[in-house]
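Chemist: I have a structure here, written as structure tokens, and I will follow up with some questions on it.
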Amino acid sequence: MRAFKLEKIAIKARTHTCGELRAEHDGLTVTLTGWVDSRRDHGSLIFVVLRDVYGISQVVFDPSEDKQVYESARELKNEYVIKLTGKVRRRPEGMVNPNMATGEIEVVAQDVKILNRADVPPFPIVDDVDASEELRFRYRYLDLRRPELQKNIVLRHRAAQTVRRYLDGQGFFEIETPFLMRSTPEGARDYLVPSRIHKGKFYALPQSPQTYKQILMIAGYDRYFQIVKCFRDEDLRAERQPEFTQIDMEMSFVEEEDIFRIAEGLMRTLFDEVIGMSLQTPFPIISFDEAMQRFGTDKPDVRFGMEISDVSEFVRSSEFKVFSSTVAGGGIVAGINLKGGAGYSRKQVDGLNQFVIDLGGKGVLTAKVKEDSWDSSIRKFLTDAMISGINEKLAAEAGDLLILIAGEKMQTLTNLGKLRNKLARDENLISKEEFKPLWVTEFPLLEFDEEEQRYVAMHHPFTSPREEDLALFDSSPGKVKARAYDLVLNGYEIAGGSIRNHRLDIQMKVFNLLKIDDKEAREKFGFLLDGLRFGAPPHGGIAFGFDRLLMLLAGENSIRNVIAFPKTTSALSLMDNAPAEVSEKQLKELGLKIIASL
RNA sequence: GGGGUCGUGGUGCAGCUUGGUUAGCACACCGGCCUGUCAAGCCGGAGGUCGCGGGUUCGAGUCCCGUCGGCCCCGCCA
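Listed below in structure tokens is the structure:
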């Protein structure tokens, strides 16, 4: 990839790129342009490594070849931009560098021209840079000059082209949707844009093009896609940026399986063409309930085991109050088995306990499994039958560490799920080379929001309920399942979507459950509701988190390393200092006034 | 909104627990030597007042409070 040939670029200033010269070019006179990567001065022999985005080449300045050119090389410093002409020759016996793509040859300098000088950079332009991320962000143009990041950015380009080619081949049309749209209720906090022409009114930047793509289906475009920026004004994480890119898709006349096949085909093509890895399709499917039960999360990492087991049945009548009363009160006792973890020290076990307490739980109870019994503070409260039951359920063997949590069902499972991930990281149970995608389906349509004291959509308010659950709408809305699905890869949600409501009556029923009355629905989503009245086809779609997917393809653990200009965890851009104050004049034009910042 | 952690020459770190000599090391940088390096080597040199503000103290990089910023996590993210 980095040995791109110059003939394809056709720039007069140079004849070749820094990455393309090989033994076959021996004897050729070439001109290269690029940045000085390093200079090694041997007194009367100077080596300069020249770099561009395509690779690096070694240049030799030899006074016995050309005294004057040799003298001018003494002036070269790191990151100077130069144009260099010289003769390619095979390196002498024993001097070949096998770690370098161009290591068989070197260029004997005949002429060098400094196109621009450079100050000493604040950090070296090398792959294993140890500069802080803060510094790298401030000088992002230098950071982006590092081969490692250039590789990621080029990988991103390749992936985007692959997406376009694949989806075009599947009959999708790429259609742009507005960035300036109206703010809608539900979901994430919007980024707002004040209107100058209509003072006091605001546009919102899209959290996703959701309504537009549904409108496109109603308009008959059949298959739509877009590689598009989305904006959410929420707090950041290693895998979350305030603006991020989605591969957004929507299709008419489809059911879940149709979308799975397209999404799987896209994944296969991406993994094959971008990193040369073949994925097995179809991907396995598990339900939301099963994911929660076995992994304590709706985005399980299935590259390792350590699954959660519910052991409530064994301790229901235990003398240990914490267990028996939890189960009696409708809660559960569940646990995971850290194979070979019996060697954990008191301090390590305390650490696990504190981890769960920090998550808002009550802590953990542990048992070190011995040949005939347990080494545990709760041993004395449990009968032999209880212990062997739990042992069997958790597949416990001597030398294992069992970690149990008692409490409300969802919280217990969730905390065990987080503990499971933490332990896998701590114990290095995760293979870096492996990719294990799976579909998670049968999500609840709604979840109860304690803060707002009402149901909110788990996916989004346009998601269709399952036909067979319509009867539950009035009696127990919390039990209604949605026709929604997530694609999970190695513990990351990399895509999510649903079959949408194309029938107006069902859409209105969902709005009513969300406590959005007819008037508000009409006001906020009138255009979409009207559209549903004029011949809306059944439709559904999915959106991939492009940055997250690239992070996994590139083997990075932060989304920031696959985004050219990312923001910090406090949503700042350290290079250009956004966000920034604006002039009085600008505010006045917008009819805005800043109230004292708190 | 909350928790954790970090902030010391250009860069990465040590020093902080037990306040007190010229704040130490490595890399980078500058000068010199060196014809086969590719983490080049050898010799020499310059460069910091410890994120910022306040406090305690005879005395603060070191203790306390606040604040700003980076990173990680919880909440949040349909």
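Each residue of the first sequence is one higher than the one before, starting from 758 at the first, in the numbering used here.
Positions of the beta carbon are idealized from the N, C-alpha and C atoms, including for glycine.
When the Cα atoms are used, what is the spatial distance from I1019 to P855?
Modeler: 42 Å
Chemist: Assuming T788 contacts R771 (C-beta within less than 8 Å), just tell me the rounded distance between them.
Modeler: Correct: roughly 5 Å between the Cβ atoms.
Chemist: Just to confirm before moving on: does the CB-CB distance between I1004 and I984 stay below 8 Å?
Modeler: Taking 8 Å as the cut-off, the beta carbon of I1004 is found closer than this to the beta carbon of I984.
Chemist: May I ask you to verify whether the stretch 814-834 touches the stretch 798-805, counting CB pairs closer than 8 Å and requiring at least 3?
Modeler: yes
Chemist: What would DSSP say about G812, mapped onto helix, strand or coil?
Modeler: strand
Chemist: Rank R1136, E1030 and P1057 by C-alpha distance to the C-alpha of I1043 and give the top, closest one.
Modeler: P1057
Chemist: Buried or exposed, going by whether 16 or more other CB atoms sit within 10 Å of the CB of K1104?
Modeler: exposed
Chemist: Measuring CA to CA, which of S1075, T1123, W1131 and G1087 is closest to F1138?
Modeler: S1075
Chemist: Apart from the five residues on each side of it in sequence, which residues of its chain come closer than 7 Å, Cβ to Cβ, to L1116?
Modeler: N1172 and K1175
Chemist: What is the DSSP secondary structure of A916, reduced to helix, strand or coil?
Modeler: helix
Chemist: DSSP state of M758, grouped into three classes?
Modeler: Only weak support exists for where M758 lies, its pLDDT of 47 falling under 50; the value from the coordinates is given anyway. The three-state secondary structure of M758, taken from DSSP, is coil.
Chemist: How about E1000 and I1316: do their beta carbons lie closer than 8 Å?
Modeler: No, the Cβ-Cβ distance between E1000 and I1316 is not below 8 Å.
Chemist: Considering only the alpha carbon of each residue, which of I1093, A1252, P1218 and H1296 lies closest to I1273?
Modeler: Measuring C-alpha to C-alpha distances from I1273 to each of I1093, A1252, P1218 and H1296 identifies P1218 as the nearest.
Chemist: When DSSP labels each residue in this structure, what does L1355 get in the three-state scheme?
Modeler: Interpretation of L1355 is limited by its pLDDT of 42, a score under 50 that renders its predicted location unreliable; the figure taken from the coordinates is listed afterwards. Coil, per DSSP.
Chemist: Out of M1332, S1327, I1351 and K1350, point me to the one whose CA is closest to R994's CA.
Modeler: From the listed residues M1332, S1327, I1351 and K1350, the smallest Cα separation to R994 is found for S1327.
Chemist: When burial is assigned at 16 or more other CB atoms within 10 Å of the CB, is D1304 buried or exposed?
Modeler: buried
Chemist: Applying the criterion that 16 or more other CB atoms from any shown protein chain within 10 Å of the CB defines a buried residue, is S1283 buried or exposed?
Modeler: It should be noted that the sequence gives Gly, not Ser, for residue 1283. When all chains shown are included, G1283 counts as exposed.
Chemist: Whole angstroms are fine: how far does the CA of Y837 sit from the CA of R874?
Modeler: 5 Å
Chemist: Tell me the DSSP bridge mates of A1181?
Modeler: Paired residues: none, contrary to the question.
Chemist: Rounded to a whole number of angstroms, what is the C-alpha to C-alpha distance between M1332 and R895?
Modeler: 4 Å
Chemist: Can you give me the start and stop residues for the alpha helix (DSSP H) that L1343 sits inside?
Modeler: Checking the sequence, you will find Gln at residue 1343 rather than Leu. Looking at the DSSP string, the run of the alpha helix (DSSP H) that includes Q1343 is E1341 to L1347.
Chemist: Whole angstroms is fine: what's the gap from L1158's alpha carbon to V1245's?
Modeler: 28 Å
Chemist: Could you check where the alpha helix (DSSP H) with Q1105 kicks off and where it finishes?
Modeler: R1103 to D1115
Chemist: Can you look up F1077 in the DSSP assignment and give me helix, strand or coil?
Modeler: coil
Chemist: For I1351, is the classification buried or exposed, using 16 other Cβ atoms within 10 angstroms of its Cβ as the cut-off for buried?
Modeler: exposed
Chemist: Is the stretch 1124-1133 in contact with the stretch 1145-1158, if contact means three or more CB pairs nearer than 8 Å?
Modeler: Output reads yes: the stretch 1145-1158 touches the stretch 1124-1133.
Chemist: Locate the alpha helix (DSSP H) running through F1017, then write down its first and last residues.
Modeler: For F1017, the enclosing alpha helix (DSSP H) starts and ends at E1013 to I1032.
Chemist: Output needed for F1028: all residues of its chain with C-beta closer than 8 Å, excluding positions within five of it in sequence on either side, in chain order.
Modeler: M1034, S1035, L1036, F1192 and L1310
Chemist: Express the C-alpha separation of R1182 and L1170 in angstroms, rounding to a whole number.
Modeler: 18 Å
Chemist: In whole angstroms, what separates the C-alpha of T941 from that of P878?
Modeler: Take the alpha-carbon of T941 and the one of P878: they are about 46 Å apart.
Chemist: My output table needs one value for T859: the three-state DSSP class, helix, strand or coil.
Modeler: coil
Chemist: Does the Cβ-Cβ distance between T968 and L1270 come in under 8 Å?
Modeler: no
Chemist: Please go through the same chain and pick out, in chain order, the residues whose beta-carbon is closer than 6 Å to the beta-carbon of F929, but skip the five residues on each side of it.
Modeler: Cβ neighbours of F929 beyond the five flanking positions: R980 and F982.
Chemist: What are the boundary residues of the beta strand (DSSP E) that T1198 is part of?
Modeler: P1194 to T1198
Chemist: Could you round the C-beta distance between V1072 and V1059 to whole angstroms and report it? I think they count as a contact, below 8 Å.
Modeler: The Cβ separation is near 28 Å, so there is no contact.
Chemist: Could you work out which residue in A1142, L1186 and L1122 is closest to G1097 when comparing CA atoms only?
Modeler: L1186
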